[in-house]
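What follows is a short report on a single structure.
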Amino acid sequence: MTETLAQRRVLLVIGGGIAAYKALDLIRRLRERGASVCPVLTAGAQEFVTPLAAAALAGERAHTDLFDRASEAEIGHIKLARQADAVVVAPATANLMARMAGGHAADLATTVLLATTLPILIAPAMNVQMWAHPATRRNRAVLEGDGVRIVGPNAGRMAEPESGPGRMAEPNEIADALERMLGQQAGDRPLAGRRVLVTSGPTHEPIDPVRYIANRSSGRQGHAIAAAAAAAGAAVTLVSGPVALPDPPGVAVVRVETARQMLEAVEAALPADIAVFAAAVADWRPEQEAGSKKIKKDGTGPAPMPLVENPDILATIARLPVGRPPLVVGFAAETDTVVEHARAKIARKGCDLIVANDVSAEGGVMGGADNTVHLIRRDGAVETWPRLGKEEVARRLVAHVAALLAG
Ligand code: C5P
């Protein structure tokens, strides 16, 4: 277990409660496990322990003031909020929890807590009645909703004669909870530091200003893959054709209309470690560029509309002589002999993996919520998944490609 904290940096915010003395012991426990600790003390904390004591145990200076000339010049509170692997708040008093839940930035501790994007673990410590108060319960729910992890409080005797939950978790319990949090983070984010490119949705190929050629793709599968890759820690660019879906959270979305625009946006989004081509690109477009005038119906029937083939985005990127993403994934929507067709497609397109699905009308895959897919690798290996929601297909696919990339 101790591996997780080795070489890790912890920003320790010490709140103003009697349990602050235990925060000093927490510094010692964290350092025993190989972490470095940067202490930040609220004004309240300094009523119970001194910055000097925290600094002596941490082996580095303790921070106390928002407008501290020395630290502003050296690092600044925003940097303080970034240069660590996690933030621990111990003790988290009722007041500190309320200020965190409210997004206050009144002093160094709350400013750092508002400015940070690091995972946060809090160890509440307060009087039993304060912990049970509806206001504290609300604040706790808000913080949990914001992704803050909580350890304790424990039940037991406290400074006051009352007993019940409110006593801060023991330093070793806090260190264990921190290890779990950081361990899960590493496990949950297998694509941290990776760049992922995803195409999604249909393309629209204009015939004139009001008419176009399109297909029934909803973009649900591609958008779900972009969301799952972002949740796995990747920096994701989603190049999307016209869809009625919201942008997935944490994803850079480039909206395009035609296949040619999609290719251009894809090329602009490179380099990438993984490229997933889930878009249902229109195979053909009208040869005649759409003008600004609507084609009139003049009673003689429609004029012939010659079509030309669109660029194959997947094949273009998979065959790039320079800058090809190490892992290129294509989709195959087939109505029959799905796996055989997909095998042939891998060879034709030059990609590493094909996600093949049966889009025959009976399956209801096109625009639907579920998908039954087969994964076909370049070496011919096939993996068939049961019928799953498109979100679950996305999560499994992201885990699969992350494992392939990790080798
Ligand atoms: O050839 P087919 O359309 O069946 O191939 C499907 C795969 O190729 C999908 O991954 C799709 O996103 C991609 N594709 C593409 N550009 C095209 C046609 C298909 O990227 N013009």
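Letter by letter, the sequence shown follows residues 10 to 416 of our numbering. The beta-carbon is built from N, C-alpha and C at its ideal position, and this holds for glycine as well.
What first and last residue would you give for the beta strand (DSSP E) that runs through Trp293? Start at 1 with the first residue of the sequence shown, and residue 293 comes out as number 284. Segment 293-295, the beta strand (DSSP E) holding Trp293.
Integer-rounded CB distance, given that Ile183 should sit under 8 Å from Ala99: In the sequence shown, counting from the first residue as 1, residue 99 sits at position 90. In the sequence shown, counting from the first residue as 1, residue 183 sits at position 174. Yes, they are in contact, since the Cβ atoms of Ala99 and Ile183 sit about 6 Å apart, within 8 Å.
What residue range is occupied by the uninterrupted beta strand (DSSP E) comprising Ala95? Taking the sequence shown and counting its residues from 1, the one referred to as residue 95 is at position 86. Where Ala95 is concerned, the enclosing beta strand (DSSP E) stretches over 95-101.
Does the ligand C5P have a heavy atom nearer than 8 Å to the CB of Asn319? The count along the sequence shown starts at 1 and reaches residue 319 at position 310. Yes, the ligand C5P has a heavy atom inside 8 Å of this Cβ.
The alpha helix (DSSP H) enclosing Glu400, as first and last residue numbers: Against the sequence shown, residue 400 aligns to sequence position 391. Taken as a continuous stretch (DSSP letters only), the alpha helix (DSSP H) holding Glu400 covers 399-415.
Is it buried or exposed, Lys399, if we count other Cβ atoms within 10 angstroms and call 16 or more buried? By 1-based counting over the sequence shown, the position of residue 399 is 390. In this structure Lys399 is buried. Its beta-carbon is surrounded by 16 or more other beta-carbon atoms within 10 angstroms.
heavy atom of the ligand C5P below 8 Å from Val248 C-beta: Translated into positions along the sequence shown, residue 248 becomes position 239. False, no ligand heavy atom lies under 8 Å from that Cβ.
Arg203 and Ile283 look like a contact to me (Cβ under 8 Å); what is the Cβ gap, rounded to whole Å? Counting from 1 along the sequence shown, the entry for residue 203 is found at position 194. Counting from 1 along the sequence shown, the entry for residue 283 is found at position 274. 7 Å between Cβ atoms; contact.
Check whether Ser209 and Ala244 have beta carbons under 9 Å apart: By one-based count along the sequence shown, residue 209 stands at place 200. By one-based count along the sequence shown, residue 244 stands at place 235. No, these two residues do not count as a Cβ contact at 9 Å.
Beta-carbon spacing of His113, Leu123 below 9 Å: Along the sequence shown, read from residue 1 onward, the residue named residue 113 stands at position 104. Along the sequence shown, read from residue 1 onward, the residue named residue 123 stands at position 114. Result yes, Cβ atoms of His113 and Leu123 sit closer than 9 Å.
Nearest to Ala287 (by Cα), restricted to the options Asp256, Gly228, Ser172: The count along the sequence shown starts at 1 and reaches residue 287 at position 278. Looking at the Cα atoms, Gly228 is the closest of the given residues.
For Phe340, collect the residues of the same chain with a Cβ closer than 6 Å to its Cβ; drop the 5 residues on either side in sequence, then sort them by chain order. For the purposes of this step, residue 340 is taken as the residue at position 331 of the sequence shown. Correct list, in chain order: Ala287, Val364.
Answer yes or no: do Trp140 and Ala110 have a C-beta to C-beta separation smaller than 9 Å? Here the question's residue 140 lines up with position 131 in the sequence shown. Here the question's residue 110 lines up with position 101 in the sequence shown. No, Cβ-Cβ distance for Trp140 and Ala110 is not below 9 Å.
Counterpart residues of Thr59 in DSSP-defined beta bridges: In the sequence shown, the residue the question calls residue 59 occupies position 50. Answer is none; Thr59 lacks a bridge partner.
Mark Thr246 as exposed unless 16 or more other C-beta atoms lie within 10 angstroms of its C-beta, in which case mark it buried. Taking the sequence shown and counting its residues from 1, one reaches residue 246 at position 237. Its Cβ being crowded by 16 or more others within 10 Å, Thr246 is buried.
Work out the CA separation of Cys360 and Val338 for me, nearest whole Å. Mapped onto the sequence shown, residue 338 falls at position 329. Mapped onto the sequence shown, residue 360 falls at position 351. Distance between the alpha carbons of Val338 and Cys360 is about 6 Å.
Whole-angstrom Cβ separation of Thr51 and Gly68, contact assumed at under 8 Å? Counting from 1 along the sequence shown, the entry for residue 51 is found at position 42. Counting from 1 along the sequence shown, the entry for residue 68 is found at position 59. Not confirmed; about 21 Å, so no contact.
Could you tell me which residues DSSP pairs with Asp379 in its beta bridges? Counting from 1 along the sequence shown, the entry for residue 379 is found at position 370. In the DSSP output, where bridge partners are listed per residue, Asp379 has Gly398.
Determine, using beta-carbon pairs with one atom in the region 205-224 and one in the region 246-259, whether at least three such pairs fall under 8 Å. yes
Only counting the same chain, and skipping five residues up and downstream in sequence, which positions put a Cβ closer than 6 Å to that of Thr119? For the purposes of this step, residue 119 is taken as residue 110 along the sequence shown, with counting starting at 1. Within the same chain, Thr119 has close Cβ partners Arg108, His113.
Inside the region 185-234 only - beta strand (DSSP E) runs reaching at least 3 residues: 204-209
Are Glu179 and Asn136 closer than 9 Å when you measure CB to CB? Numbered from 1 along the sequence shown, position 170 holds the residue referred to as residue 179. Numbered from 1 along the sequence shown, position 127 holds the residue referred to as residue 136. No; because the gap between Cβ atoms is not below 9 Å, this pair is not in contact.
Assigned secondary structure, Arg146 (DSSP; H/G/I helix, E/B strand, else coil): Numbered from 1 along the sequence shown, position 137 holds the residue referred to as residue 146. In this structure, Arg146 counts as helix in the three-state DSSP scheme.
With 16 other CB atoms within 10 Å as the buried threshold, where does Lys306 fall? Stepping through the sequence shown from its first residue, residue 306 is reached at position 297. With fewer than 16 Cβ atoms within 10 Å of its Cβ, Lys306 is classed as exposed.
Enumerate in chain order the residues of its own chain whose CB-to-CB distance from Leu413 is below 7 Å, with the five nearest sequence positions on each side excluded. As a first step, residue 413 must be located in the sequence shown, where it is residue number 404. For Leu413, same chain residues with a beta-carbon under 7 Å away, outside a window of 5 residues either side, are Leu336 in chain order.
First through last residue of the alpha helix (DSSP H) which encompasses Gly173: Numbered from its first residue, the sequence shown carries residue 173 at position 164. It is not in any alpha helix (DSSP H) - Gly173 instead sits in the beta strand (DSSP E) that spans 172-176.
Reducing DSSP to helix, strand and coil, say where Val391 ends up. Translated into positions along the sequence shown, residue 391 becomes position 382. Strand, per DSSP.
For a test of your reading of the model: does the CB of Asp292 fall under 8 Å from any non-hydrogen atom of the ligand C5P? Yes or no. As a first step, residue 292 is located in the sequence shown; it is residue number 283 there, counting from the start. Indeed, a heavy atom of the ligand C5P lies less than 8 Å from the Cβ.
Can you give the beta carbon distance from Leu279 to Met190, rounded, assuming they're within the 8 Å contact cut? Mapped onto the sequence shown, residue 279 falls at position 270. Mapped onto the sequence shown, residue 190 falls at position 181. No, Leu279 and Met190 are not in contact; Cβ-Cβ is about 34 Å, not under 8 Å.
For Arg357, the first and last residue of its enclosing beta strand (DSSP E): In the sequence shown, residue 357 corresponds to position 348, counting from 1. No beta strand (DSSP E) contains Arg357, which is instead part of the alpha helix (DSSP H) from 347-358.
Any non-hydrogen atom of the ligand C5P closer than 8 Å to Ala324 Cβ: Here residue 324 corresponds to residue number 315 of the sequence shown, with the count starting at 1. Checking every heavy atom of the ligand C5P against the Cβ of Ala324, one is found closer than 8 Å.
Going by C-alpha to C-alpha distance, which of Glu56, Leu323, Tyr221, Met106 sits closest to Ala274? By one-based count along the sequence shown, residue 274 stands at place 265. Measuring from the Cα of Ala274, the nearest candidate turns out to be Leu323.
Are Ala90 and Val121 closer than 9 Å when you measure CB to CB? As a first step, residue 90 must be located in the sequence shown, where it is residue number 81. As a first step, residue 121 must be located in the sequence shown, where it is residue number 112. The answer is yes: Cβ separation under 9 Å.
What residue from Arg37, Gly43, Thr381, Thr145 has the CA that sits closest to Arg396's CA? Counting from one through the sequence shown, the residue named residue 396 turns up at place 387. Checking every option, the nearest Cα to that of Arg396 belongs to Thr381.
For Trp293, which residues in the same chain have their Cβ closer than 8 Å to its Cβ, ignoring the five residues on either side in sequence? Position 284 of the sequence shown holds residue 293. So the qualifying residues of the chain are Glu214, Ile222, Leu316, Val317, Glu318, Asn319.
Using the Cβ count rule (16 or more neighbours within 10 Å means buried), how would you classify Gln230? Stepping through the sequence shown from its first residue, residue 230 is reached at position 221. Under this definition Gln230 is a buried residue.
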